[in-house]
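Colleague:
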Amino acid sequence: MPLAELKAINEVAHAREIPVHMDGARLWHAAIQTGAELAEWGGLCDSISVCFSKGLGAPVGSALVGPATFIKRARHLRKMYGGGWRQAGVLAAAAMYALDNVFPVQLARTHALAATLVEHLRRLGVKIENDPVDTNIVYADVSTVGLTANDWAKAAAEDVRDDAAPIHIFGGATGQIRVVMHYQLAEDAVDRLAAALERAIAAKADA
29 MPLAELKAIN EVAHAREIPV HMDGARLWHA AIQTGAELAE WGGLCDSISV
79 CFSKGLGAPV GSALVGPATF IKRARHLRKM YGGGWRQAGV LAAAAMYALD
129 NVFPVQLART HALAATLVEH LRRLGVKIEN DPVDTNIVYA DVSTVGLTAN
179 DWAKAAAEDV RDDAAPIHIF GGATGQIRVV MHYQLAEDAV DRLAAALERA
229 IAAKADA
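Position one of the sequence shown corresponds to residue 29 (the working numbering), numbered consecutively onward.
Dropping the structure here:
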């Protein structure tokens with residue numbers, strides 16, 4: 029969602045005294061893509077939930093952000109419904125590490141990797157479903173080059189190397205596939221993924 033759209037929603041909602049809540053699971057990506065500070069996004073909402081596992085890569089964890097009275101009420105409801113944690117410091121430490129070390133530089137790198145994959149896919153004639161690709165997720169349809177997602181997955185699985193991790197793709201009988209970049213990907217992973225697709229296309233042509 030563009031920041032301008034959120035501003036418009038804020039104006040309409042607040043004119044009617046309706047609070048605005050944001051599901052901010054991918055807020056980190058939005059902030060990087062738009063260049064707007066997190067505080068600018070937050071200033072347009074009355075409350076926000078943020079996720080520390082999506083994008084940032086923490087093993088688990090979310091946080092709820094809002095005014096003190098709102099958080100007090102949320103804590104009461106959490107306790108009433110049994111949603112509390114015990115000895116949660118290790119989870120908080122992982123989230124803090126992600127905030128300090130993944131956002132924003134490493135997360136921005138995932139956007140660049142997605143852009144590189146898009147260049148490869150266009151070169152090979154694959155349709156990009158979510159064009160333009162703004163963040164780290166690419167939706168593609170390899171049926172435009174006569175393949176299924178399973179064909180691509182099989183070719184990728186054959187790229188076995190002693191000095192690099194294998195590439196696994198969740199295939200399918202159709203050509204539609206979603207590729208999500210994460211900050212731990214090696215620099216050559218996208219090139220290897222594209223090379224696997226190119227091999228699959230060549231094999232189909234020779235069949």
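All C-beta atoms in this analysis are idealised placements derived from N, C-alpha and C, irrespective of residue type, glycine included.
Computed from a predicted model, the values in this text were never measured in an experiment.
1. Note down the Cα distance separating GLY112 from ILE76, rounded to an integer number of angstroms.
2. Could you please give me the residues that DSSP links to CYS73 through a beta bridge?
3. Locate the beta strand (DSSP E) running through VAL204, then write down its first and last residues.
4. In or out: ASP216 buried (at least 16 other Cβ within 10 Å) or exposed?
5. In the structure shown, what three-state DSSP assignment does ILE165 receive?
6. Do VAL154 and THR172 have their C-beta atoms closer together than 7 Å?
7. LEU55 by DSSP, collapsed to three states: which one?
8. Taking the alpha carbon of LYS82 as the reference point, which residue from THR138, VAL218, ARG151 and ALA222 has its own alpha carbon closest?
9. Under a three-way DSSP split, which group does VAL130 fall into?
10. For the ligand SAM, any of its heavy atoms closer than 6 Å to the Cβ of PHE131?
11. Which partner residues does LEU92 have in the DSSP bridge list?
12. What's the gap between the Cα of VAL118 and the Cα of LEU127?
13. Leaving out five residues before and five after ALA136 in sequence, what residues of the same chain have Cβ atoms less than 7 Å from its Cβ?
14. What is the rounded straight-line gap between the Cα of GLY131 and the Cα of HIS210?
15. So is ILE46 buried or exposed if we call it buried at 16+ other beta carbons inside 10 Å?
16. With H, G and I counted as helix, E and B as strand and the rest as coil, what does DSSP make of MET29?
17. Count Cβ pairs between the segment 195-207 and the segment 174-185 that sit closer than 8 Å; are there 3 or more?
18. When you compare only the Cα positions, how much space is there between VAL48 and GLN115?
Modeller: Based on what the coordinates show:
1. The sequence position of residue 112 within the sequence shown is 84, counting from 1. The sequence position of residue 76 within the sequence shown is 48, counting from 1. For GLY112 and ILE76, the distance between alpha carbons rounds to 19 Å.
2. To locate residue 73, count along the sequence shown from 1; it is residue 45. BP columns for CYS73 are empty, so no partner.
3. Looking up residue 204 in the sequence shown gives position 176. One detail in the question is off: residue 204 reads as Gln in this sequence, not Val. 204-208 is the extent of the beta strand (DSSP E) around GLN204.
4. Numbered from 1 along the sequence shown, position 188 holds the residue referred to as residue 216. Classification of ASP216: exposed, given that the 10 Å Cβ count is below 16.
5. Here residue 165 corresponds to residue number 137 of the sequence shown, with the count starting at 1. DSSP places ILE165 in strand when its eight states are reduced to three.
6. Reading the sequence shown from its first residue, position 126 is the one you call residue 154. Reading the sequence shown from its first residue, position 144 is the one you call residue 172. Yes. Within cutoff.
7. The count along the sequence shown starts at 1 and reaches residue 55 at position 27. Three-state DSSP puts LEU55 in a helix.
8. Start at 1 with the first residue of the sequence shown, and residue 82 comes out as number 54. Measuring from the Cα of LYS82, the nearest candidate turns out to be THR138.
9. Locating residue 130 in the sequence shown gives position 102, where the first residue counts as 1. Three-state DSSP puts VAL130 in coil, outside helix and strand.
10. No copy of the ligand SAM appears in this structure; indeed no ligand is present at all.
11. As a first step, residue 92 must be located in the sequence shown, where it is residue number 64. Partner(s): SER77.
12. Counting from one through the sequence shown, the residue named residue 118 turns up at place 90. Counting from one through the sequence shown, the residue named residue 127 turns up at place 99. Each residue's alpha carbon lies about 14 Å from the other.
13. If you number the sequence shown from 1, residue 136 lands on position 108. Answer for ALA136: ILE60, listed in chain order.
14. Position 103 of the sequence shown, counting from 1, holds the residue named residue 131. Position 182 of the sequence shown, counting from 1, holds the residue named residue 210. The residue you asked about is not Gly; residue 131 is Phe in the sequence shown. Each residue's alpha carbon lies about 12 Å from the other.
15. The residue labelled residue 46 in the question sits at position 18 within the sequence shown. Per the 10 Å Cβ criterion, exposed.
16. Counting from one through the sequence shown, the residue named residue 29 turns up at place 1. MET29: coil per DSSP, three-state reduction.
17. yes
18. As a first step, residue 48 is located in the sequence shown; it is residue number 20 there, counting from the start. As a first step, residue 115 is located in the sequence shown; it is residue number 87 there, counting from the start. Their Cα atoms are separated by approximately 32 Å.
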